[in-house]
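Notes to accompany the following structure.
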Ligand SMILES: NC(=O)c1ccc[n+]([C@@H]2O[C@H](COP(=O)([O-])OP(=O)(O)OC[C@H]3O[C@@H](n4cnc5c(N)ncnc54)[C@H](OP(=O)(O)O)[C@@H]3O)[C@@H](O)[C@H]2O)c1
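Numbering (this note's numbering), first residue to last: 51 to 577.
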């Protein structure tokens, strides 16, 4: 069973004691005591004794990315003494020969030995040679860690774990390597590292223990766990892992949803898709696609001849990929990709549910779409497809006109108008798709100076979800209009993704609650 190990940078005995207690309480299996700045064995010994969890003692020299300034002989003495008190010591491959006597001692008389190799800048050119040298030692555990050049490096870490010759730790550092830390358990690593949170990480990309346990559902991860994720750049502030992992938890779906950092170019997206879908042991089963990859996803799926939902094609963006796997008649593994756009469906579902109508009834409605960017386009395509009479109000009229020309007379009608004309509008539905009023400038409101006549029959839908209740929605409510917050749109698109991937009814109320509580928290940017 893969151990969850909290790395603690040791300063003094009390601090170690307090942090070990916190790690134990939060569910860690073991700790790594980083004693780089401790100079005497007695203190290290005390630290080990005070630990209620099994301890790995590591005293990393500067030549391997650590801070230890001791003479090499003193460092090795300190480690050798710890090797009779701790559960494990970690010794670098280059230094192992210097404690050869220790590594040949019977295991009953010494701590376990983790023999390690780290590269803090890139993937070592001789990765597999290093691995075989690590495997050839007498050490009990082989540990190979490098800095991911891109997300694809994680796949090599997974292959190393799958083909391990002895208990192995294989991790990628950096933001692109985060998934190697979380999926270590799926691939049977000896351990993975987590931090106590805040600024306590001892290596780049280390995930906090709390996130590992609660956000990424560490305890439920196993070899069969299906993998999902959001493909984006940047990705770490996305709310999607929180919403989908909470949903998996609620219905006991054996899945984990990850942040997948893929650089913005089409080539990077394609390389990611080709490699991640090819590794069957990864069980990649579904992807959310967001900035800057929605067009890349459409192009990639088009080139692969995959099924793409027609409206996703006309919107020009895929935000969801379903990966269906099965066996052909001759027993070969088969994989099919499907591309969808759950954003337009979310917009339509929010509106039709609030008005208690069917999509087909939209033909009886006049809708003002305010904004002609990506979200405006998505709304226009969906609404016009179901026959609504749409007017696009935008600051830049040419942009609105170009969008109107593209979708006019396909089914519904689509016209363009300058934003300043909005005050004369008599539409029943207003869908707001600009960034005006969005955090960090919540004082903005597109109705300022442009407010149409609103009444109890009007519906005002703001795509902005931060703040949850924008000034636009407050103004609309004050005039008796019905309102919908961008939170609903965000939740609905995630609900559709969940149901597409799992075939189960999504726990919408739980998903909504996750979004609302995240938005109430201190940090987030966008999905
Ligand atoms: N709830 C959800 O799930 C969800 C999902 C995605 C996006 N959104 C929201 O949708 C909104 C638009 O996103 P997007 O991706 O469509 O952005 P986008 O492609 O950059 O388009 C921005 C739109 O806002 C207009 N705009 C920007 N600043 C303006 C200003 N000061 N005055 C008037 N108009 C202004 C632009 O008008 P010009 O053409 O004149 O520049 C354009 O129409 C954002 O608020 C975002 O939070 C919500």
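Ideal placement from N, C-alpha and C gives every residue a C-beta, glycine not left out.
Quick caveat: nothing in here was measured; it's all calculated off a predicted structure.
Query raised in the report: Helix, strand or coil: how does DSSP classify residue 575 here?
Result: In this prediction, residue 575 has a pLDDT of 46, which is less than 50 and means its spatial position is unreliable; what the coordinates show is noted afterwards. The answer is coil: DSSP assigns residue 575 none of H, G, I, E or B.
Query raised in the report: Would DSSP call residue 309 helix, strand or coil?
Result: If DSSP states are grouped into helix, strand and coil, residue 309 belongs with the strands.
Query raised in the report: Using the rule of at least 16 other Cβ atoms within 10 Å of the residue's Cβ for burial, across every protein chain shown, is residue 136 buried or exposed?
Result: buried
Query raised in the report: Residues bridged to residue 511 by DSSP?
Result: Paired residue(s): 481 and 534.
Query raised in the report: If we count the other Cβ atoms within 10 Å of its Cβ and call it buried at 16 or more, is residue 474 buried or exposed?
Result: The residue in question, residue 474, is exposed, as its Cβ has fewer than 16 Cβ neighbours within 10 Å.
**Report entry** Residue closest to residue 489, alpha-carbon to alpha-carbon, out of 521, 68, 184 and 292
**Finding:** 521
Requested in this report: Keeping to the same chain, check which residues put their C-beta closer than 8 angstroms to that of residue 195; ignore five residues upstream and five downstream.
Outcome: 166, 167, 168, 169, 219, 220, 221, 222, 223 and 253
Report task. Give me the Cα-Cα distance between residue 187 and residue 122, rounded to the nearest whole angstrom. Result -> Residue 187 and residue 122 have their C-alpha atoms spaced approximately 20 angstroms apart.
Query - residue 444 vs residue 450 beta-carbon contact at 9 angstroms - result: yes
Report task. Tell whether a beta-carbon distance below 9 angstroms holds between residue 189 and residue 130. Result -> No, these two residues do not count as a Cβ contact at 9 angstroms.
Query raised in the report: First and last residue of the beta strand (DSSP E) that includes residue 520?
Result: From DSSP, residue 520 is part of no beta strand (DSSP E); its letter is neither H nor E.
Query raised in the report: Of all the beta strand (DSSP E) runs that stay within the bounds of the region 146 to 214, which reach a length of 3 or more residues?
Result: 162 to 169 and 191 to 197
Query raised in the report: Cβ of residue 518 within 9 angstroms of Cβ of residue 536?
Result: Taking the C-beta atoms as reference points, residue 536 is found nearer than 9 angstroms to residue 518.
Report task. Consult DSSP for residue 459 and reduce its assignment to one of helix, strand or coil. Result -> Residue state, collapsed to three classes: coil.
Query raised in the report: Which one of 160, 423, 280 and 237 has the shortest CA to CA distance from residue 343?
Result: 280
Query raised in the report: Using DSSP with H/G/I as helix, E/B as strand and the rest coil, what is residue 449?
Result: helix
Report task. If I'm right that residue 560 touches residue 296 with Cβ under 8 angstroms, what's the distance once you round it to whole angstroms? Result -> 6 angstroms
Query raised in the report: In three-state DSSP terms, what is residue 493?
Result: Residue 493: coil per DSSP, three-state reduction.
Query raised in the report: When burial is assigned at 16 or more other CB atoms within 10 Å of the CB, is residue 193 buried or exposed?
Result: buried
Query raised in the report: residue 565: which of 420, 287, 171 and 51 sits nearest, CA to CA?
Result: 287
Query raised in the report: Helix or strand or just coil, what does DSSP make of residue 357?
Result: strand
Query raised in the report: If you follow the beta strand (DSSP E) that residue 376 is part of, which residue opens it and which one closes it?
Result: 370 to 377
Report task. Decide if residue 376 is buried, meaning its Cβ has at least 16 other Cβ atoms within 10 Å, or exposed. Result -> exposed
Query raised in the report: Looking at residue 124 and ligand 1, is the gap between the Cβ and the nearest heavy atom below 8 angstroms?
Result: no
Query raised in the report: Can you pull the DSSP bridge partners for residue 336?
Result: 278 and 372
Requested in this report: Report the option in 69, 172, 148 and 92 whose CA atom is closest to the CA atom of residue 134.
Outcome: That would be 92, whose Cα lies nearest to the Cα of residue 134.
Query raised in the report: Do residue 143 and residue 183 have their C-beta atoms within less than 9 angstroms of each other?
Result: yes
**Report entry** Through-space distance from residue 432 to residue 459, alpha-carbon basis
**Finding:** About 13 angstroms.
Query - Helix, strand or coil at residue 259 [DSSP, three-state] - result: helix
**Report entry** Contact under 9 angstroms by Cβ, residue 532 with residue 496
**Finding:** no
**Report entry** Terminal residues of the beta strand (DSSP E) in which residue 140 lies
**Finding:** 138 to 142
Query raised in the report: For the region 228 to 245 against the region 202 to 217, are there 3 or more C-beta pairs whose distance is under 8 angstroms?
Result: Flag = yes, the region 228 to 245 and the region 202 to 217 touch.
Query raised in the report: Which value, in whole angstroms, describes the spacing of the CA atoms of residue 400 and residue 379?
Result: Straight-line Cα distance between these residues: approximately 42 angstroms.
Report task. Leaving out five residues on either side along the sequence, give the residues of the same chain with a beta carbon under 6 angstroms from the beta carbon of residue 436. Result -> Excluding positions up to five away in sequence, the list reads 409 and 412.
Report task. Answer yes if the region 356 to 368 comes into contact with the region 310 to 318, meaning at least three C-beta pairs across the two stretches below 8 angstroms, and no otherwise. Result -> As far as the Cβ criterion goes, the region 310 to 318 does not touch the region 356 to 368, which means the pair count is below three.
Query raised in the report: What's the call for residue 86, buried or exposed, on a 16-neighbour Cβ count within 10 Å?
Result: Its Cβ being crowded by 16 or more others within 10 Å, residue 86 is buried.
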